[in-house]
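Residue numbers (this note's numbering): 10 to 87.
A short worksheet on the structure shown next.
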């Protein structure tokens, strides 16, 4: 599937409590990957991840990445 044309990409969680997991994430209206994502967990918890440096593209001429690395920042309790 070509995620760059559908408006989403894969967020790769490279550390923290969800290390090794991936989630589909929508690009910002500007077409850029999100600078941070928040993922709901059980018991009123949310995990906050910030964009890392790793980007993956399907081909050399692609304008938008198909996958982006995210690093764990914090757990928020509601």
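By construction, the Cβ of each residue, glycine as well, lies at the ideal position given by its N, Cα and C atoms.
Exposed or buried, residue i, counting other C-beta atoms within 10 Å across all chains shown (16 or more means buried)?
| i | result |
| --- | --- |
| residue 42 | buried |
| residue 78 | buried |
| residue 37 | exposed |
| residue 69 | exposed |
Which residues share a DSSP beta bridge with residue i?
| i | result |
| --- | --- |
| residue 81 | 58 |
| residue 22 | 79 |
| residue 48 | 56 |
Can you tell me whether DSSP reads residue i as helix, strand or coil?
| i | result |
| --- | --- |
| residue 64 | strand |
| residue 33 | strand |
| residue 17 | strand |
Look at the alpha carbon of residue i and the alpha carbon of residue j, and state the distance between them as a whole number of angstroms.
| i | j | result |
| --- | --- | --- |
| residue 65 | residue 76 | 5 Å |
| residue 28 | residue 22 | 5 Å |
| residue 19 | residue 67 | 12 Å |
| residue 50 | residue 58 | 13 Å |
| residue 81 | residue 73 | 23 Å |
Is residue i close to the ligand SAM? I mean its beta-carbon at under 8 Å from any heavy atom of the ligand.
| i | result |
| --- | --- |
| residue 33 | For the structure depicted, the ligand SAM is absent and the ligand set is empty, with no information on it obtainable. |
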